[in-house]
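Residue numbers (UniProt numbering): 1 to 138.
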């Protein structure tokens, strides 16, 4: 289904996540299927299905040894598979286990139409992986 003509065709371009070790975090998100575009000690750019980029930025350490995240950085990220069923998410979860990740079990009931499992990235950020509900491009 195409978006209505009177609506802007808009999407999120970038999501920023502050991390302790950019290269370690880039490996983690690559295991989840994100495509690495660029990686350095300070910044990694990974592309999600649909073209949105996840920017992993190294946390800065201040004069007193405190870490500071970039202004727009988040500590939670929600990823969405293209599938809509619990079985499709279970296959994704099995694949995550197969590459050495440790996802939570999928609860038996959906939450607002989504089945979800969670992981922790190397910095302890919550990563939710959910089934899709999108009506675009069906």
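Note that the Cβ used here is the ideal one computed from N, Cα and C, for glycine as well.
The beta carbons of residue 46 and residue 29 sit closer together than 8 Å.
Cβ contact annotation for residue 79 (same chain, cutoff 6 Å, sequence separation greater than five): 129, in chain order. In the three-state reduction of the DSSP assignment, residue 24 falls in the helix class, which pools H, G and I. Within the DSSP secondary-structure output, residue 117 pairs in a beta bridge with 129. In the DSSP assignment, residue 78 falls within the beta strand (DSSP E) that extends over 76-80. Counting C-beta pairs with one atom in each stretch, the region 80-100 and the region 24-38 have three or more that are closer than 8 Å, which means they touch. Taking the Cβ atoms as the reference, residue 48 lies roughly 16 Å from residue 125, outside the contact range of under 8 Å. For residue 88, the enclosing alpha helix (DSSP H) starts and ends at 86-98. Excluding five sequence positions before and after residue 115, the CB atoms of its chain that fall closer than 6 Å to its own CB belong to 86, 89, 106, 131, given in chain order. Residues of the same chain with a CB within less than 6 Å of the CB of residue 24, apart from the 5 flanking positions on each side, are 122 in chain order.
When 37, 117, 35, 92 are compared, the shortest CA-CA separation from residue 108 is found for 117. Residue 26 is classed as buried because its beta carbon has at least 16 other beta carbons within 10 Å across all chains shown.
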